[in-house]
Ligand SMILES: Cc1cc2nc3c(=O)[nH]c(=O)nc-3n(C[C@H](O)[C@H](O)[C@H](O)COP(=O)(O)OP(=O)(O)OC[C@H]3O[C@@H](n4cnc5c(N)ncnc54)[C@H](O)[C@@H]3O)c2cc1C
């Protein structure tokens, strides 16, 4: 089957799954309940865990435009689902771009089928700059030892494989390695689920590494490789992923508001018969269209190898902020019911906040952009490194 057809079919299946199972399940979901296995196994059989893995390893090797459509469809159901799949896919990307042949053969087929779910562990309480990391890795004879703590790890409780970014002890500069650690490794402990305001259906917890021994062959790309450029090369695609999540949650908020105002009376009038309500709905629809246009343009640029890191970064900030505005308008159009937490719109309101924080916070992106405008860009900033990589053509999903 042609890739485009395959992606289209996948998109349609996701839309069906979202309407038939995901949205109804979210309505009856018990507090603290994670996505049930019955839905996860459908995501697996649709091939979602391997969308960015080449065919030869059992994935579907889709391009950025197809992946963007898939993320948007999933996020229309809930951005927590996109979070589950694309935290996993980030590890796929690391392996595809920087893994040794042995690591690719060992992990990619299992990751593509979803037999093993992956988690990406970067953030620490000291931030995401490697220089400040407390998680360190050093040589002990033939093996390597890790110690430290990663504060927020999506899929923490459900993963079989953790890609842990650690600072290399005793080396000059901010060299780092990505250790591929199995869930049953001695010295790896999964912490308690983090209480949070949104995205509650996907696991989020800290992980602790204490005298955690790994073999040198389990360092992504090999022990002699610095992983910094690998971390940077997946960033443009990560920015696009957040734009797609913004598009999905915004269109869903619009749909919820549209249905509500067509069915709710205020006095003798349906809400939709009030000019101000129609105007607000039109404004929301316009914003959804703009996010979608940016998504299409950016995903095409990424696929053609023409994306500028500054544009991808600006798009992440603009679209996530605009999605927040659409969701807030939808809450207002629901009136008092919008403030009640049991309606879908309440969940969208809690979830959308994550988009401006997770990944790289919007403020940090804006701060990088402002440095660039002032000619003060730091050589290690995400955008500067990204621009250099984009110019070299190294950006992959
Ligand atoms: C639901 C969820 C899922 C997550 N999943 C993962 C995961 O799977 N793996 C992982 O590694 N991490 C994950 N994270 C962590 C997430 O990526 C970080 O929380 C995020 O990058 C912000 O880092 P921080 O919390 O250390 O905030 P800080 O770096 O402490 O920043 C806090 C705020 O200060 C401001 N700020 C900080 N620095 C600057 C600057 N230089 N310029 C301007 N403003 C600044 C910004 O407003 C920023 O939002 C997750 C977080 C959440 C909430």
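Numbering (my numbering), first residue to last: 859 to 1255.
Think of the CB as a built atom: it goes at the ideal place given N, C-alpha and C, for glycine as much as any other residue.
No experiment lies behind these values; they were computed from the predicted model shown.
Legend entry - Opposing strand residues paired with residue 1100 [DSSP bridges]: Looking at the DSSP assignment, residue 1100 forms no beta bridge with any residue, so it has no partner.
Legend entry - Entirely enclosed alpha helix (DSSP H) segments - the region 951-1013, minimum 4 residues: List check, alpha helix (DSSP H) in window: 959-971.
Legend entry - Euclidean distance between Cα positions of residue 1075 and residue 866: In a straight line, the C-alpha of residue 1075 is about 38 Å away from that of residue 866.
Inset, instruction - Determine the extent of the alpha helix (DSSP H) in which residue 1229 is found, giving its start and end residues. - result: Start and end: 1220-1231.
Inset, instruction - My understanding is that residue 1037 touches residue 1209, with C-beta atoms under 8 Å, so please give their C-beta distance in whole angstroms. - result: Cβ atoms of residue 1037 and residue 1209 stay farther apart than 8 Å, at about 31 Å.
Legend entry - Own chain residues within Cβ distance below 6 Å of residue 1055, not counting five before or after: These residues qualify, in order along the chain: 1208.
Legend entry - residue 1201 (DSSP reduced to helix, strand or coil): Of the three classes helix, strand and coil, the one that applies to residue 1201 here is coil, per DSSP.
Legend entry - Top-ranked residue by Cα proximity to residue 862, from 877, 920, 883: With distances taken between Cα atoms, residue 862 lies closest to 920.
Inset, instruction - Return yes when the C-beta of residue 1229 is under 6 Å from any heavy atom of ligand 1, and no when it is not. - result: With a cut-off of 6 Å, the C-beta of residue 1229 is classified as distant from ligand 1, since no heavy atom of the ligand falls inside that distance.
Inset, instruction - Compute every distance between the C-beta of residue 1011 and the non-hydrogen atoms of ligand 1, then say whether any falls below 6 Å. - result: Because some heavy atom of ligand 1 lies under 6 Å away, the Cβ of residue 1011 counts as near it: yes.
Inset, instruction - Just confirm the distance between the C-beta atoms of residue 1102 and residue 926, as a whole number of angstroms; I'd bet it's less than 8 Å. - result: So it is a contact: roughly 5 Å between Cβ atoms.
Legend entry - Near ligand 1: residue 981 beta-carbon under 6 Å from a heavy atom: Yes - ligand 1 has a heavy atom lying nearer than 6 Å to the Cβ of residue 981.
Legend entry - Reference residue 991, options 1150, 1010, 1023, closest by Cα: The residue with the shortest Cα to Cα distance from residue 991 is 1023.
Legend entry - residue 1036: CB within 6 Å of a non-hydrogen atom of ligand 1: Flag unset: Cβ of residue 1036 not near ligand 1.
Legend entry - N- and C-terminal bounds of the alpha helix (DSSP H) containing residue 1026: DSSP places residue 1026 in no alpha helix (DSSP H) but in the uninterrupted beta strand (DSSP E) bounded by 1019-1026.
Legend entry - Near ligand 1: residue 922 beta-carbon under 6 Å from a heavy atom: Judged by the Cβ position, residue 922 fails to qualify as a neighbour of ligand 1 at the 6 Å threshold, every heavy atom of the ligand being at least this far.
Legend entry - Whole-Å CB distance - residue 1213 paired with residue 1180, under 8 Å assumed: Here residue 1213 is actually not in contact with residue 1180; their C-beta atoms are around 10 Å apart, not less than 8 Å.
Legend entry - residue 1214 (DSSP reduced to helix, strand or coil): Three-state result, residue 1214: helix.
Inset, instruction - For the alpha helix (DSSP H) containing residue 1064, list its first residue and its last residue. - result: If you look at residue 1064, you'll find it isn't in any alpha helix (DSSP H); it sits in the beta strand (DSSP E) that goes 1062-1073.
Legend entry - Buried versus exposed call for residue 929 [16 or more other C-beta atoms within 10 Å across all chains shown]: By the 10 Å Cβ count, residue 929 comes out buried.
Inset, instruction - Report the partner residues of residue 1034 according to the DSSP bridge assignment. - result: Looking at the DSSP assignment, residue 1034 forms a beta bridge with 1025.
Legend entry - Beta-carbon spacing of residue 1059, residue 1202 below 7 Å: With respect to residue 1202, residue 1059 sits apart: the two C-beta atoms are not nearer than 7 Å.
Legend entry - Cβ contact (3+ pairs, closer than 8 Å) linking the region 939-952 and the region 994-1014: Short answer: they touch.
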